[in-house]
Amino acid sequence: MQMKILRSPVSYSLLPAPYSLLKIFSLVELSCKSEYAILALLELATHYESGEPLQIRQIAVQKNIPDRYLEQLLATLRRGGLVKSVRGSKGGYLLAQEPWKINLFDVLVCLEGIDVHKCEDQVKSPSADQAILEEIWTEVRENANLVLKKYTLADICEKRNSRQQLDIMYYI
């Protein structure tokens, strides 16, 4: 997951080695790669019940994603077991699992190759400050992972549908 770093006068040499999802960042943002992939997966989740595969062009138009880039993303998601491809003129892509079984954590691990364990570059005998900071970043990482594991594609689709209903009611 691509993250943006806001520099501060902290000495980064005292901080523990990088962790999985959150490093030493004040602001967390999804990379375009992750955002596009999640948007594509949400489109597949929306059409999951029909059982009909969606072609790359359909997803690209609906979600405003460049075709070639989407093709690469879907290939990565296929290798990661999150989508499956169907060959032929009526072929395309389908979710490999039910939308309620695919969470954001799984998607980001597939796309970004996130290591969910502590980095091995740790200092063998950390100072007290380093040990405290390591504990804090471990807690941050674990909480971020919990939030990402909590939300499935089905949850996000449900939230989107609820929000769309509110928007419709607002304009009536």
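Heads up, the sequence shown is in the numbering used here, so the first residue is 10 and it goes up one at a time. C-beta: ideal position from N, C-alpha, C; glycine also.
Can you tell which of the options has the C-alpha that lies nearest to the C-alpha of residue i?
| i | options | result |
| --- | --- | --- |
| Ser59 | Tyr78, Gln139 and Leu103 | Leu103 |
| Leu162 | Gln106, Asn152 and Ile68 | Gln106 |
| Gln64 | Ser171, Lys99 and Asp115 | Lys99 |
| Pro75 | Gly97, Cys41, Glu61 and Gly90 | Cys41 |
| Pro62 | Ile145, Pro135, Glu144 and Gly97 | Gly97 |
| Arg88 | Asn73, Arg150, Glu167 and Gly122 | Gly122 |
Under the assumption that residue i contacts residue j (Cβ atoms under 8 Å), give the Cβ distance between them as a whole number of angstroms.
| i | j | result |
| --- | --- | --- |
| Leu50 | Ile111 | 7 Å |
| Tyr45 | Leu82 | 6 Å |
| Val95 | Leu86 | At roughly 14 Å, the Cβ-Cβ gap does not stay under 8 Å, so Val95 and Leu86 are not in contact. |
| Val116 | Ile47 | 6 Å |
| Pro135 | Glu143 | 6 Å |
Run the CB neighbour count on residue i, radius 10 Å, all protein chains shown included, and call it buried at 16 or more, exposed below.
| i | result |
| --- | --- |
| Cys119 | buried |
| Gly101 | buried |
| Leu175 | exposed |
| Asn170 | exposed |
| Arg66 | exposed |
| Asn154 | buried |
| Arg77 | exposed |
| Arg150 | buried |
Could you pull out every residue in the same chain whose Cβ sits closer than 6 Å to the Cβ of residue i, ignoring the five residues on either side in sequence?
| i | result |
| --- | --- |
| Leu113 | Leu157 and Tyr160 |
| Pro108 | Ala54, Tyr57, Leu162 and Ala163 |
| Gly90 | Ala105 |
| Glu80 | Ile65 |
Would you verify that the beta carbon of residue i is, or is not, closer than 8 Å to some beta carbon of chain C?
| i | result |
| --- | --- |
| Arg172 | Of the chains in the structure shown, none is chain C; there is only one protein chain. |
Suppose the cutoff is 7 Å on Cβ atoms and the five residues either side in sequence are ignored; what does the same chain contact list for residue i look like?
| i | result |
| --- | --- |
| Gln71 | Glu52 |
Can you give me the Cβ contacts of residue i inside the same chain, cut-off strictly under 8 Å, excluding the 5 residues immediately before and after it?
| i | result |
| --- | --- |
| Glu167 | none |
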